[in-house]
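Heads up: the structure comes next, in structure tokens.
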Amino acid sequence: MIPQSELKSRIEDLTADFQNQVADQVMSPLERAIKTWSFQEPDRLLGSFAVFSPLSLGVTNISTREYYTDPWSFYFIQAMSVAKFGNETPLMYGDPYNIEIEAMGGKVKFPEDSIPHLGEPLLKEAGELGKLSIPNPRSDGRMPLMLEISRMHKTYLGSMVFAPVSCSGPFSLAVGLRGYKQILKDIRQDPAFVHELLGFCCRVVIAYGSALRDVHNASPTLQEAWSCLPNVSPKVFHEFCLPYISRCVEALRNPNTGTTGTVFHGYGVSLAPDWQSFLRTVCATGLSAIPLMEEDVSGLRGYGTVDVAEYKRICAAQRVVVMSFLHTDTISAGPPERIRLLVLDMFQKAGSGGGYTASTTWPIGAPVEHMQAFIDAFRECRYPINAKMA
Amino acid sequence: MTDTPLKDLMEAVIEGKEELAAQAAGEALSIGVTAEEVLNAISAAGNKIGKMFEAGDCFLPELFAGAEAMNAAVEKVVPELEKAFVQPRGTVVIGTVEGDVHEIGKRIVCAMLSGAGYRVHDLGTDVTAEQFVAKVRELHPDIVAASAYITTTCQRLPSIASALRDAGLRDQVKYLIGGASVNNGMVAWAGADGFGENAAQAVTVVRSLIEDLKGGQR
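Protein chains in written order, with this note's numbering: chain S, 1 to 390; chain H, 391 to 608.
Structure (structure tokens):
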């Protein structure tokens with residue numbers, strides 16, 4: 001384990017290095033993000049990539065376990081992704097689906113070389129719901145660690161780079177508490193209990209999310225992958241997901257700026273029988289940004305295809321930013337030119353007028369030149385859009 | 391003999407009604423429908439749900455409910471199959487790789503394979519290569535199927551093929567891989583014989599791999 005003093009020193013060096021880089025740029029990534037979220041065109045496309053393990057960046061002397069349990073190790077890796085590799089939106093979270101459940105007493109396993117995962121569902125019997133209490137974000141589980149990481153960001157890179165905080169969405173939290181198979185059974189056999197559970201989950205999300213928001217001065221991203229199609233059907237989504245997501249989005253609105261957070265439940269839109277209508281409904285939850293996954297664009301893994309330009313139009317009409325995400329398979333497989341063309345093509349279709357970003361995840365073992373192709377590509381996407389660029 | 395109980399059975403499976411599926415399977419057997427015919431009906435219903443899922447006409451909740459109904463119906467049939475000495479179409483040892491606790495897709499695959507007449511031994515999640523090998527030694531299955539959900543854990547897939555090879559068992563089984571972080575391009579890298587993109591496809595690939603194995607074309 002690298003001593004805290006050394007990590008602190010390295011983070012300070014990375015911050016100074018990045019300050020010099022920003023001095024040579026037309027805009028800082030933070031200014032680029034503000035323009036993008038205001039539906040104005042920045043100097044160029046805002047690009048980012050998620051890092052879920054130090055191994056992705058080739059760092060071998062910080063274990064995955066240390067990364068998830070030590071704020072200095074975590075922030076060092078995120079700062080490195082910014083200053084050394086050009087990430088413009090580092091994440092101030094790693095395993096958001098585990099945090100609330102761990103803080104309520106759930107067991108999380110921390111393997112040395114893999115991301116943390118939950119043990120058995122905490123809520124084995126429906127009747128046990130009454131025994132659960134709302135966790136205290138300042139003392140329970142790793143919630144204080146997440147707040148600390150957010151404070152560190154303010155101290156170091158916060159004036160130059162926006163870095164979202166995150167908590168679980170209400171439906172995904174309910175799935176984490178009961179298990180996916182069981183919640184589907186509950187929906188079939190005891191829908192009243194599921195509504196009661198979701199009400200409780202909203203209270204947990206709002207308590208933790210408010211603490212994150214107050215430290216960070218920005219609304220948290222709600223992680224809601226479990227509420228995506230095909231994990232739920234449109235019918236289940238409308239009854240058990242939509243109203244609770246809306247409740248949390250509104251409750252976590254930033255009182256200073258009036259803005260809401262992102263809801264990460266974009267994939268699977270292409271599977272809806274009427275995807276345009278479904279997307280409008282999702283946007284109406286009041287969220288500020290939504291992903292557009294490559295699966296839904298290219299029909300990967302059995303997904304359908306949506307028209308990227310139309311997707312953007314629908315979202316922009318409701319002032320919802322579109323965050324496109326290249327699939328990890330694409331980054332792993334390459335080749336670099338294909339990655340470049342995908343980024344450029346989607347930017348041409350959806351970039352106009354701002355309100356659009358490019359993202360991916362850096363998979364462990366992916367060739368550096370593939371990630372570099374992604375980074376070079378979003379840097380190549382300049383405003384105003386040149387129709388002949390791609 | 392009437393087709394009605396089998397029709398009821400198929401409808402119950404497709405609609406994901408566990409109790410009705412078990413009841414219809416029991417009724418079919420009680421009026422003299424053979425266990426094999428009941429199994430074929432369960433399998434046909436499973437295929438239909440799989441096709442509906444692939445076509446976007448149903449979603450995972452319906453697929454899961456259908457899988458549960460298939461399981462409930464298969465449980466009624468198994469004792470009859472054993473009595474009638476009906477051989478399973480093959481034996482599959484399946485598990486999620488070491489370090490990975492995701493099992494939703496795997497459970498659906500298990501249910502659909504059972505419904506299609508295969509004997510399935512589910513080793514659960516977080517299964518080491520050594521555990522796969524030990525089970526292969528014990529059961530002599532036709533197929534070893536490994537699932538990996540995340541990019542970190544799919545790195546374990548080649549170690550299963552290596553462990554089978556080191557144990558001298560690789561030529562006796564076919565190795566199938568699947569899961570959210572796995573794709574067809576990984577088959578050679580993982581030392582596998584096939585890839586199932588989803589549960590319905592896994593059943594088709596298992597059928598084809600077993601034919602291949604029994605045809606001695608390895």
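Glycine included, each C-beta is placed from N, C-alpha and C at the ideal position.
Own chain partners of residue i with C-beta closer than 6 Å, once the 5 adjacent residues on each side are dropped
i, result
"residue 395(H)", "414, 417, 418"
"residue 414(S)", "Absent from the model: residue 414(S). The displayed extent of chain S is 1 to 390, so no value can be given."
"residue 509(H)", "478, 481"
"residue 81(S)", "51, 87, 90"
"residue 226(S)", "171, 172, 175"
"residue 596(H)", "533"
"residue 145(S)", "71"
"residue 55(S)", "364"
"residue 105(S)", "none"
"residue 303(S)", "270, 295, 296"
Contact test: residue i Cβ vs the ligand PLP heavy atom, cutoff 7 Å
i, result
"residue 224(S)", "As far as ligands go, the structure on display features none, and thus does not contain the ligand PLP."
Helix, strand or coil at residue i [DSSP, three-state]
i, result
"residue 390(S)", "With a pLDDT of 47 at residue 390(S), under the threshold of 50, the predicted position of this residue should be treated as unreliable, and no value is reported."
"residue 361(S)", "strand"
"residue 267(S)", "coil"
"residue 68(S)", "helix"
"residue 391(H)", "Low confidence applies to residue 391(H): its pLDDT is 42, below 50, so where it sits in the model is not reliable enough to give any reading."
"residue 511(H)", "strand"
"residue 84(S)", "coil"
"residue 497(H)", "helix"
"residue 117(S)", "strand"
"residue 375(S)", "helix"
"residue 166(S)", "strand"
"residue 595(H)", "helix"
"residue 156(S)", "coil"
"residue 539(H)", "coil"
"residue 608(H)", "Reliability fails at residue 608(H), whose pLDDT of 41 lies under 50, so the model's placement of it is uncertain and no value is given."
"residue 48(S)", "strand"
"residue 385(S)", "coil"
"residue 487(H)", "strand"
"residue 567(H)", "strand"
Residue i burial status per 10 Å Cβ neighbour count (16 or more: buried)
i, result
"residue 477(H)", "exposed"
"residue 26(S)", "exposed"
"residue 161(S)", "buried"
"residue 608(H)", "Because residue 608(H) carries a pLDDT of 41, less than 50, the predicted location of this residue cannot be relied on, and no value is offered for it."
"residue 393(S)", "No answer is possible for residue 393(S): the residues shown for chain S start at 1 and end at 390."
"residue 257(S)", "exposed"
"residue 64(S)", "buried"
"residue 312(S)", "buried"
"residue 362(S)", "buried"
"residue 294(S)", "buried"
"residue 213(S)", "buried"
"residue 528(H)", "exposed"
"residue 4(S)", "exposed"
"residue 436(H)", "buried"
"residue 493(H)", "buried"
Neighbourhood of residue i by C-beta, 7 Å cutoff - its chain only, sequence neighbours within 5 removed
i, result
"residue 518(H)", "488"
"residue 102(S)", "108, 141, 142"
"residue 383(S)", "41, 42, 43, 44"
"residue 11(S)", "75, 76, 79, 156"
"residue 95(S)", "68, 115, 116"
"residue 548(H)", "579, 580, 581"
"residue 278(S)", "234, 269, 272"
"residue 246(S)", "285, 286"
"residue 464(H)", "432, 504, 505"
Sequence-distant residues of its chain with Cβ nearer than 8 Å to residue i (five each side left out)
i, result
"residue 259(S)", "37, 218, 219, 253, 288"
"residue 391(H)", "Residue confidence for residue 391(H) is low, a pLDDT of 42 falling below 50, so the modelled location carries little weight; the figure read from the coordinates is stated next. The answer, listed in chain order, is 421, 422, 423."
"residue 15(S)", "79, 83, 156, 157"
"residue 530(H)", "481, 562"
Contacts of residue i in chain A (Cβ-Cβ under 9 Å)
i, result
"residue 232(S)", "The chain inventory of the structure shown lacks chain A, comprising the protein chains S and H."
Could I get the ranges of all uninterrupted beta strand (DSSP E) runs contained in the stretch 188-232 of chain S, with 3 residues as the minimum, in chain order? 221-223
Within the stretch 238-326 of chain S, note down every full alpha helix (DSSP H) run reaching 4 residues or more, in order along the chain. 242-251, 275-283, 294-298, 308-317
Beta carbons nearer than 7 Å to chain H: which residues of the stretch 95-106 of chain S have them? none
Looking at chain S, which residues of the stretch 553-583 of chain H have a Cβ within less than 9 Å of any of its Cβ atoms? 570, 571, 573, 575
Please list the residues of the stretch 480-495 of chain H that have a C-beta atom closer than 7 Å to any C-beta atom in chain S, keeping them in chain order. Listed by position, the residues of the stretch 480-495 of chain H near chain S (Cβ gap below 7 Å) are 489, 491, 494.
Whole alpha helix (DSSP H) elements within the stretch 406-479 of chain H, 4-residue minimum: 408-420, 425-444, 450-473
Please list the residues of the stretch 184-195 of chain S that have a C-beta atom closer than 9 Å to any C-beta atom in chain H, keeping them in chain order. 184, 185, 187, 188
Please name the residues in the stretch 449-461 of chain H whose beta-carbon is closer than 9 Å to at least one beta-carbon of chain S, in chain order. 449, 450, 451, 452, 453, 454, 455, 458
When Cβ atoms are compared, which residues of the stretch 107-126 of chain S fall closer than 9 Å to chain H? Answer set for the stretch 107-126 of chain S: 109, 111, 113, 114, 115, 117, 118, 119.
Pull out every residue of the stretch 435-449 of chain H whose Cβ sits closer than 8 Å to any Cβ of chain S, in chain order. 443, 444, 446, 448, 449
Going along the chain, which residues of the stretch 210-243 of chain S sit with their C-beta nearer than 7 Å to a C-beta in chain H? 229, 230, 231, 232, 233, 236
Name, going along the chain, the residues of the stretch 260-283 of chain S whose beta-carbon falls closer than 7 Å to a beta-carbon of chain H. 271
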